[in-house]
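Protein chains in written order, with our numbering: chain A, -13 to 359; chain B, 4 to 448.
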């Protein structure tokens, strides 16, 4: 994208024309960017669909399953046993055909892939093949919506806490870098090489198995307490271990990264200048250190919001947390393509939207950045 | 030479670098030791082996060293047989082609808990008349308990715990406990126990061999799992598997990323544009879900997963980082000089651009090893580990499936997790220190 050339010698160019010029530039950039992102989403989703049915291999598995199930059901039923052999064969055949039609197996795979793609892109998520929501619906939208609160709760609390606490602590550390706490954080930052579910196992071992103070997993006690106060208390109790393990696994590295980042920016000349002028350190921090780092902080925050949607598959599995990550894992195990595609497309859209918006946000918070410039 | 010395000095300045390289070295040694001690085929055979390979071991037995830390002492497992003389036996031929086998085994029992089971395996050779066996049990307090008399076939197994007659005779439901305790008080008696096996054969060529298997509560250095397997095998073999997966994945993905970024920046134009678009598409693809799908639908083989991991890790954010640095390097004088004397594009990319990046590449490469090691373990925990190979992740999955944490088999889950943790931390600390050595800007900050 090249910036529109502006006549420099002609002094009669009105301000209006320049404004139209930059508007045109932004529009052209925005449309181009939207198009490339949309193409990326289409390709990404199509690839996911192709992988998710393995170029037809999954169809074979599902056909086999249907044949077994239908045949078993008919042969084992008293009515089926009483039937004439030929009638029974015909019945089995019809049943299989209708079952295959229900799952869409009678349509060629290429057509089906295209249909999935079109439905996904228009967010028409359709019906799940094998999974049902707890309320008994087969609508993918309802299944995902049902699991969304659990994931939002777990990921929201842990990620937001992580984000704000690490920025605050990092600012603190960068002020007096080299002291004991700073060194401790630097020394502990390799602990983030270990994924959250791993800390989860240790935490379960200590707090659930040995001390028996917190539950092993799940989201509420079973049966769930009927009054709202007890319910939230039970929820809170189940929330502690997964949240702590999610936070713990990136805590020190996150602080370390922000701290290093702030330190790099606080060694800029203009920060020294501001200090020399005698500005209060609060102002120096807010206007001269935080302001230029804002684009990066915003990027991190935006990406964080997206991870809320994906959930934490393995941590949720280890803690038996009924969130989206675990649902996706279960869906894969059941060859439930609509759910896999549904959750992927939502993620892809969120990501593309964020990437698109970030360009504009950068130019809003940082006057040096020019959209499409 | 001085440069190397300088580097070494900087290296020693960081305790984490020293610790990290020490851990990595230990892991490599462990991996080599594992592969020499238990050859690949043998490891697979044992790991996949069922009851016939592992009948001598108890189930869910903790490692024997917990006796040093625990106030209750657990009985250690052992097995002895007459074939190799570990169960002392004496065969004396008698009159009219008969013969007598006398085998007795004396052992010390000083545990506070009863063993899981005791089993005798007989193999005998005869043409028509089955040999006859009688068993006697001598306790430290001088009692002699008659256990059983029976004729044994070619292959015969006698399980102490399942003999109903013995239960009636001892007036108990748990014969094993009764054999090791005082009939009056019911508490275990410590001391020397003796098992007497007397066999009689009725043909000149008839022979009996016996194997006495004692399933204690603890076993070996690592303990056993639900399938009686010695956990030492997956613990040892997990090291080479984890190292192979981690190193190949990180080496493959980072080197390929760098080469592609270098080619893209050098040739620019549509190649560069294509690389950027692929990166964008890859961003949309759900990494873990795709690996799970490949594991579920296609193949759980370590190599397939490794290939997919590398393929999905090439076009990530790292490619943008490399690209921006290559764009700067591309403008440097020495590149211009190379171009002036007519070096080809490929030559410039591989001999001028890429070598400049190696100091930047190495720390990142080492730091990304733990992520891949844990990825393999994560997939195993989800039940998508390699079906053949014994790995650390498989132990965790088995333990999880069998409710190890819930039922108190802590050793089962702690052993692989501690090893994984040490591996992860070792590589992370080394990578971290290397980053500061190779990129001194970070150190000042």
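For each residue, glycine too, the CB sits at the ideal point set by N, CA and C.
Nothing here was measured: the structure is a model prediction, and the numbers come from that model.
- By the rule that beta-carbons nearer than 8 Å mark a contact, residue 390 of chain B does not touch chain A.
- Shown here, residue 178 of chain A sits in a helix according to DSSP, grouped into three states.
- One thing to note: residue 414 of chain B has its Cβ within 8 Å of the Cβ of residue 65 of chain B.
- A Cβ-Cβ contact shorter than 8 Å links residue 195 of chain B with residue 143 of chain B.
- One finds 381, 384 in chain B with Cβ atoms closer than 8 Å to the Cβ of residue 183 of chain A, taken in chain order.
- Chain-order list of chain B residues neighbouring residue 202 of chain A: 408, 409, by C-beta distance under 8 Å.
- Residues 206 of the same chain have their beta carbon placed closer than 8 Å to that of residue 131 of chain B, with the five preceding and five following residues left out of the count.
- Within the same chain, Cβ atoms closer than 7 Å to the Cβ of residue 235 of chain B are found at 223, 224, 225, the five residues on either side in sequence being excluded.
- Annotation for residue 172 of chain A: 242 place their beta carbon closer than 7 Å to its own, counting only its chain and skipping 5 residues before and after.
- Using beta-carbon distances, residue 313 of chain B does not count as an interface residue toward chain A, since no partner is under 8 Å.
- Non-local beta-carbon contacts of residue 92 of chain B in its own chain, meaning distances under 7 Å to residues more than five positions away in sequence, involve 85, 104, 105, 106 in chain order.
- Residue 92 of chain B is bridged by DSSP to B:106.
- DSSP places residue 197 of chain B in the strand class (E or B) of the three-state scheme.
- Between residue 179 of chain A and residue 430 of chain B the beta-carbon gap is near 7 Å, inside 8 Å, which marks them as a contact.
- DSSP places residue 62 of chain A in no beta strand (DSSP E) but in the uninterrupted alpha helix (DSSP H) bounded by 43 to 62.
- In this structure, residue 296 of chain A and residue 228 of chain A do not form a Cβ contact; the two beta carbons are roughly 15 Å apart against a cut-off of 8 Å.
- Per the C-alpha coordinates, the member of A:111, A:160, A:21, A:83 positioned closest to residue 250 of chain A is A:160.
- The beta-carbon of residue 420 of chain B is placed less than 8 Å from the nearest beta-carbon of chain A.
- If you check the CB distance, residue 310 of chain A and residue 148 of chain A do not come in under 8 Å.
- Judged by their CB atoms, residue 118 of chain B and residue 78 of chain B are nearer to each other than the 8 Å cut-off.
- At least 8 Å separates the beta-carbon of residue 287 of chain B from that of residue 59 of chain B.
- Across the structure, residue 253 of chain A and residue 146 of chain A are spaced so that their CA atoms are roughly 28 Å apart.
- Per DSSP, reduced to three states, the secondary structure at residue 229 of chain B is coil, with no helix or strand assignment.
- Counting C-beta pairs with one atom in each stretch, the stretch 312 to 325 of chain B and the stretch 247 to 263 of chain B have three or more that are closer than 8 Å, which means they touch.
- The bridge partners DSSP lists for residue 210 of chain B are B:128.
- Short of 6 Å from the beta carbon of residue 313 of chain A, and not among the five residues preceding or following it, lie these beta carbons of its own chain, in chain order: 133.
- Straight-line spacing of the CA atoms in residue 402 of chain B and residue 87 of chain B works out to 35 Å.
- DSSP assignment within the stretch 140 to 185 of chain B yields the following whole alpha helix (DSSP H) runs of 4 residues or more, N-terminal first: 167 to 173, 178 to 182.
- Residue 376 of chain B places its beta carbon less than 8 Å from that of residue 427 of chain B.
- At a cut-off of 8 Å between beta carbons, residue 83 of chain B makes no contact with chain A.
- Residue 252 of chain B is not a Cβ neighbour of residue 192 of chain B, given a cutoff of 8 Å.
- Excluding sequence positions up to five before and after residue 331 of chain A, its CB lies within less than 6 Å of the CB of 31, 106, all in the same chain and listed in chain order.
- Looking only at A:207, A:7, A:224, A:27, the smallest Cα-Cα distance to residue 305 of chain A is reached by A:224.
- If the five residues before and after residue 75 of chain B are omitted, its C-beta is found closer than 7 Å to the C-beta atoms of 115, 116, all from its own chain and listed in chain order.
- Secondary-structure assignment with DSSP links residue 122 of chain B through a beta bridge to B:162, B:216.
- At least one beta carbon of chain B lies nearer than 8 Å to the beta carbon of residue 175 of chain A.
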